Amino acid sequence: MGDYTFDEIYAIVVMQSFSGVSLMCIYILMGLGLYIIFGQMGVINMAHAEFLVLGSYTMCLFSKFVTENMPAFENYYVIFAIPLSFGVAFGVGYLVEWFLISRLYHRPLDTLLATWGLSLIMQQCFRSFIGAREMSADLPEWLLGSWAASDIIDIPISGLVLLLLTVFLIVGLALFKTKTRMGLRMQATTQNREMTGALGINTKMTDRITFGIACGISGIAGAFFTTMASTSPSAGTNYIVDSFLVLVVGGLGSLVGLFVSGGFLALLSSILEFFMTGSIAKVWLYLVIFVVLMKFTRGLFSDKVRS
Amino acid sequence: MMHKTNQLKRKLKTLFSVFFLLSSSSFVMGNEEFPTAEVCKTGLAVTDDTVTVGQLHSITGTMAISETGSVEAERLAIKQINDMGGVLGRKIEIIQEDGASDWPTFAEKSKKLIIQDKVACVFGCWTSASRKAVLPIFEKENNMLYYPTFYEGLEASKNVVYTGQEAVQQILWGLDWAYENLGARTFYLIGSDYIWPRTSNKIARNHIERFLKKKDSKCKVVGEEYYPLGHTNFRSLINKVKLKKPDLIYSIVVGGSNVAWYKQLKAAGITSNKYNLLTISTTEDELLGIGGENAEGFYACMKYFQSQKNPNNQAFVKAFKEMWGEDSVIGDVTQAAYLGPWIWKAAVEKAGSFDIDNVHAAHPNIELPDAPEGYVRVHETNQHLYSRAKIGKITKDGQFEVMAISDDLIEPDPFPKGYQ
Amino acid sequence: MINPINQAESSFGKVLYERLFKNKEGLIAFAILAFVILIIFPTVLSPFRLNLTGKYLCYAFAAVGLVMCWGNAGILCLGQGLFFGAGGYCMAMFLKLEASDPESTAIQSTPGIPDFMDWNQVTELPWFWNPFKSLPLTIALIITLPALLAYILSVFYFKGRVSGVVFAILTQSMVACLWYFIVGNQGYFGGINGITDLKTLKGWDIRTEDAHYLLYYLCCFLLLFCILLSRYILSTRLGRVLIAQRDKEMRVRFSGYNITSFRIFIFCFAAVVSSIGGAMFTLQVGFMSPNLIGIVPSIDMVIFTAVGGRESLLGAVYGALAVNAAKTAFSEAYAAQWLFFYGATFIVIVLYLPKGLAGIYHDHIKKWIGKSMSSSKNNDGETPALVTEEKNAE
Chain V
1 MGDYTFDEIY AIVVMQSFSG VSLMCIYILM GLGLYIIFGQ MGVINMAHAE
51 FLVLGSYTMC LFSKFVTENM PAFENYYVIF AIPLSFGVAF GVGYLVEWFL
101 ISRLYHRPLD TLLATWGLSL IMQQCFRSFI GAREMSADLP EWLLGSWAAS
151 DIIDIPISGL VLLLLTVFLI VGLALFKTKT RMGLRMQATT QNREMTGALG
201 INTKMTDRIT FGIACGISGI AGAFFTTMAS TSPSAGTNYI VDSFLVLVVG
251 GLGSLVGLFV SGGFLALLSS ILEFFMTGSI AKVWLYLVIF VVLMKFTRGL
301 FSDKVRS
Chain H
308 MMHKTNQLKR KLKTLFSVFF LLSSSSFVMG NEEFPTAEVC KTGLAVTDDT
358 VTVGQLHSIT GTMAISETGS VEAERLAIKQ INDMGGVLGR KIEIIQEDGA
408 SDWPTFAEKS KKLIIQDKVA CVFGCWTSAS RKAVLPIFEK ENNMLYYPTF
458 YEGLEASKNV VYTGQEAVQQ ILWGLDWAYE NLGARTFYLI GSDYIWPRTS
508 NKIARNHIER FLKKKDSKCK VVGEEYYPLG HTNFRSLINK VKLKKPDLIY
558 SIVVGGSNVA WYKQLKAAGI TSNKYNLLTI STTEDELLGI GGENAEGFYA
608 CMKYFQSQKN PNNQAFVKAF KEMWGEDSVI GDVTQAAYLG PWIWKAAVEK
658 AGSFDIDNVH AAHPNIELPD APEGYVRVHE TNQHLYSRAK IGKITKDGQF
708 EVMAISDDLI EPDPFPKGYQ
Chain S
728 MINPINQAES SFGKVLYERL FKNKEGLIAF AILAFVILII FPTVLSPFRL
778 NLTGKYLCYA FAAVGLVMCW GNAGILCLGQ GLFFGAGGYC MAMFLKLEAS
828 DPESTAIQST PGIPDFMDWN QVTELPWFWN PFKSLPLTIA LIITLPALLA
878 YILSVFYFKG RVSGVVFAIL TQSMVACLWY FIVGNQGYFG GINGITDLKT
928 LKGWDIRTED AHYLLYYLCC FLLLFCILLS RYILSTRLGR VLIAQRDKEM
978 RVRFSGYNIT SFRIFIFCFA AVVSSIGGAM FTLQVGFMSP NLIGIVPSID
1028 MVIFTAVGGR ESLLGAVYGA LAVNAAKTAF SEAYAAQWLF FYGATFIVIV
1078 LYLPKGLAGI YHDHIKKWIG KSMSSSKNND GETPALVTEE KNAE
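These protein sequences, in sequence, are chains V, H and S. All residue numbers for the first sequence refer to this note's numbering, where the first residue is 1 and numbers rise by one. All residue numbers for the second sequence refer to this note's numbering, where the first residue is 308 and numbers rise by one. All residue numbers for the third sequence refer to this note's numbering, where the first residue is 728 and numbers rise by one.
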């Protein structure tokens, strides 16, 4: 890199670090919903990516509705779209738990397969009811541009919002788990289902709400992903492997682990992608993860023994 | 065994129809002029008043997004031809099959269309991979594929009519235009990781390093990168682009990745105010997903834009919207797909026969003076189209403003000398 | 449980018979499958449909492999496409080299190398293509390469006692990794287009109708052989340990068995079986593409197995045939509804029929046959209703 001045290299390091942080946020958001479901219930949700896409579609359709009917709100609708995406995904998740997942808690590998069936159905629903073409949300101007910190350095505004949103969700989740009645019930159910049930807590209802919340958070993540990626019926396939890996590298069921593994994967792929071309960077990313997991077979952080 | 019975049946059928025609030709209303036995000697699915063609695109899977437009355009063309009285007095009937974005499925379905349904020709395929998968079948069974997509060249099968541009037609003139009008001297080549972007960039690099360099020694390629289809994180790439500060970003990003690519460019401050970007892969279809505001002011080099002002195009756009809804948009490939049935019709009528060899022989120099994109003509030997390249500038509503049109019809040259 | 037919035979034959078929019912079930695929299909189906069936049977290899490692050993592999693809690519590379002799590639700037290499400015054959000049070496690689891959993939993880969901996800990520690898190395492996336009095998045109018939029979015989081999393995002590550790891992460990090596073996075995399927796929379909080794096809293979019944080797074949036939039929008639149906089938099977088609047979049809048989003639000294196991022993 001899041809570049110190300023340029400095600027690139700053921007590349920031894109690394953004990527870390994306990984964490992808993994968060999966983490809750696995951590609390020991179930892997293969339809996870479709819940992300569900959030994206909610955002797109809401944006279309607002621009057509209430143009005055165009600049602020994003603020309402996020709780709405949460609500929609929560509702669908709640029903899915009720009718499908609740029957499968004692068969974790079967859940994997049943939720795969679910993901196929959800994909086809998107295609049949919303359309096969790609959609886009009309985003307000303020969210689109970048903040030019210097001549070369541009910091994406959406990246800043993403960072805020991630911090907000993680802090919110931690507070919810430890400070609210519902959160305490969730923890109690995880630790000892029979005893919790005996104490008069409706564990089935708790499971349903936990699953719903996890899907809702994925919905929020998905809604935000419309600001930087595509929304199409099969967009979920782009997320599926990465979101599972974040969870596995983090050690399944530890919030700290999720954080660290998100950071680790983001760092790794930012470095790899900067020095080599995209496809090969991906190959190396998976190989490095494979080797790392050989050493840490239980993930980087794990507070549970796996069965 | 079934096969033999089928053959027998077909022979009997042919015999029967010959006999029927000979004995009662005065009673046949529709086709005195073109008796079935004469226009179809190879057992294709042609009756006295119908001819069956195949349509093979992805209706499901990741490619459904892109291929929907082609399906719609081909249907429109066939409907218009039928309204005009069909081909050789026969209405066209369609058997549609779903390739499901899966290349082995494309191969399987093309076999079904050709061997079992005996279609007279097939309109279909979109990606290079699907074309490569069906090509051996078309060549072995001797049938005709009308392929609509702009593609990498390096191929000139006698069983395929390429209604889109091959790489050379799309690239050279566009680069020259950027050199003249945008002052482009340094180029950053970016593409999705498969054969079309790679081959196109190879041709672009050659053109820049051999021909443009002669005009100005500053011309050079400062970077070349490929990302897998469906990739959605371009942040590192964008930082690399910023470091190199190219005069022109030459982008061949395809499919769903497009959306992520333009949104992240805009978020990182790469807009048309500061950078020039020329793409050969982003059409009106993709802009629907990207949102015009995210790519506003960037350029594309195509052979067709929906906003072209000529009356033929306006009639085409109107008919398309009447059939498929006011919201539909028409991209370059959609228009190329629309040409397929018309070229086939012209060739069949010129040959006076549906048989593949005769249609093949009739293809050279077929002209469509009223095509939406403007005059086109089939090449003398390689079954590609002569056409004019055009530069469009992306506007906020997801359309293109036509900036320039090449003066000459550009000759298709799938095996370019000096670019290997 | 001694069968009268067998008493006349040597004791070796008897042991073998019991190991392979367990009892008469096992033999009959096997004979029915052989009859269906060897006699009925070729007589009833047109050459085009038969070729399709041959393609489905290739998937059945992968399903048989999954029955071994998932159904009987409890190791769910979401990346079976990795091995299917390895076999398929080995075969495709051999055929491609044969198809790109200097005469037919004279138009290229470097004649004699595969066309996609020429398009990507590769000017000489890469060293790792050299083994594929020879057919025996290719066949050896079809068997050893997937075994090696499976060994590397599993050895550290099984030693670290990783299994279940985590291992499933790891195999899935490795299949994605291979996909990116092939796509990223367009000049060496053909990229997304795959390796297409394969013509001859040792000068024998594989695209003719006769060749399709022959390849179909070859595929059937190999499949039946793989099933018998799998049965044999399951009947040995190794097979019983595998089933035992699937159900009660700790108890088997405490009994002093080194489960790890058993698991690695069965995983490698499943890989080799799938790889043979991949090679047959290439021969019958005439090309190989990375789409066949992606995440989705790999899960599809698990679906075939689940539909057939994850513990039943014969069920796996029926599962692969049924799902693929339904897929083709549906997509010819109702393309858009197919995914709804497919997804729903899968959920229903997991929820209500965890043993798949084989389960239906066990729970309903067999009872019915048993009743009708025992009422008509009660011979053989064993009533079918008393037979507790068939197909593969548990």
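The beta-carbon is built from N, C-alpha and C at its ideal position, and this holds for glycine as well. Just so it is clear, the structure is predicted and the values come from calculations on it, not from any experiment.
Roughly how many angstroms lie between the CA atoms of Phe722(H) and Ala463(H), to the nearest whole one?
9 Å
State the Cα-Cα distance for the pair Phe859(S) and Lys823(S), rounded to the nearest angstrom.
9 Å
Quick check: Lys926(S) and Leu862(S), are their CB atoms within less than 8 Å of each other?
no
Taking only beta-carbon positions, decide if Asp409(H) is within less than 8 Å of chain S.
yes
Please list, in chain order, all residues of the same chain as Gly901(S) whose beta carbon is under 8 Å from its beta carbon, the five residues on each side excluded.
Here the sequence assigns Met to residue 901(S), which means Gly is not the residue at that position. Cβ neighbours of Met901(S) beyond the five flanking positions: Gly806, Leu809 and Leu880.
Within its chain, find whatever has a CB closer than 6 Å to the CB of Ala789(S); leave out the 5 residues flanking it on each side and keep chain order.
Gln807, Phe811, Ser1001, Gly1004 and Met1028
Just to confirm, are Leu536(H) and Gly562(H) a CB contact at a threshold of 8 Å?
In terms of Cβ geometry, Leu536(H) and Gly562(H) form a close pair [threshold 8 Å].
Whole angstroms are fine: how far does the CA of Ser261(V) sit from the CA of Val640(H)?
43 Å
Can you pull the chain S neighbours of Leu113(V), defined as C-beta to C-beta under 7 Å?
Val1029, Ala1033, Phe1073 and Val1077
Going along the segment 959-990 of chain S in order, which residues come within less than 8 Å of chain V, judged by CB to CB distance?
none
Counting pairs of Cβ atoms below 8 Å between the segment 583-603 of chain H and the segment 698-710 of chain H, do you hit three or more?
yes
Given a cut-off of 8 Å, decide if Gly236(V) and Ala114(V) are closer than it, judged by their beta-carbon atoms.
no
Given this structure, state the Cα-to-Cα distance separating Lys425(H) from Lys527(H), to the nearest angstrom.
52 Å
If you draw a straight line from the C-alpha of Asn847(S) to the C-alpha of Gly914(S), how long is it?
5 Å
Who does Glu708(H) pair with in a DSSP beta bridge?
As computed with DSSP, Glu708(H) is found in a beta bridge with Lys700(H).
With 8 Å set as the bound, which would you pick, yes or no: does the beta-carbon of Met70(V) sit closer than that to a beta-carbon of chain H?
no
Quick one: what's His364(H) bridged to in DSSP?
DSSP output for His364(H) lists Asp405(H) as bridge partner(s).
Indicate whether the contact test is met: 3 or more Cβ pairs, each with one atom in the segment 91-104 of chain V and one in the segment 191-209 of chain V, closer than 8 Å.
yes
What residue from Ala148(V), Val248(V) and Phe274(V) has the CA that sits closest to Phe541(H)'s CA?
Phe274(V)
Report the three-state DSSP secondary structure of Gly498(H) (helix, strand or coil).
strand
In or out: Ile79(V) buried (at least 16 other Cβ within 10 Å) or exposed?
With a 10 Å radius around the Cβ and a threshold of 16 neighbouring Cβ atoms, Ile79(V) comes out exposed.
List the residues of chain V that Ile993(S) touches, going by C-beta distances under 8 Å, in chain order.
Residues of chain V passing the Cβ test: none, with the nearest at roughly 16 Å.
Quick one: grab the DSSP three-state call for Lys425(H).
If DSSP states are grouped into helix, strand and coil, Lys425(H) belongs with coil.
For a contact meaning CB atoms closer than 8 Å, what does Thr237(V) contact in chain H?
Thr369 and Gly537
Between which two residues does the beta strand (DSSP E) harbouring Asp154(V) extend?
Asp154 to Pro156
So what does Glu674(H) bridge to, in DSSP terms?
Arg684(H)
Any beta carbon from chain V within less than 8 Å of Leu595(H)'s own beta carbon?
yes
With a threshold of 8 Å between beta carbons, is Ser543(H) in contact with chain V?
yes
Does the structure place the segment 974-986 of chain S close enough to the segment 1034-1054 of chain S that three or more beta carbon pairs sit under 8 Å?
no
Distance, Cα to Cα, Pro838(S) vs Leu442(H)?
21 Å
With a Cβ-Cβ cutoff of 8 Å, do Val666(H) and Met451(H) count as a contact?
yes
For Tyr884(S), which three-state DSSP category applies?
For Tyr884(S), the secondary structure class from DSSP, reduced to helix, strand or coil, is helix.
When you compare only the Cα positions, how much space is there between Val53(V) and Gly396(H)?
49 Å
I want to see whether chain H comes within less than 8 Å of Met135(V), judged by CB atoms only; does it?
yes
For Gln913(S), go through chain H and note every residue whose CB falls closer than 8 Å to its CB, in chain order.
Asp500, Tyr501, Ile502 and Arg505
Assuming Met228(V) contacts Ser158(V) under a Cβ cut-off of 8 Å, what Cβ separation, rounded to an integer in Å, is found between them?
With 8 Å as the limit, Met228(V) and Ser158(V) qualify as a contact, their Cβ atoms being about 6 Å apart.
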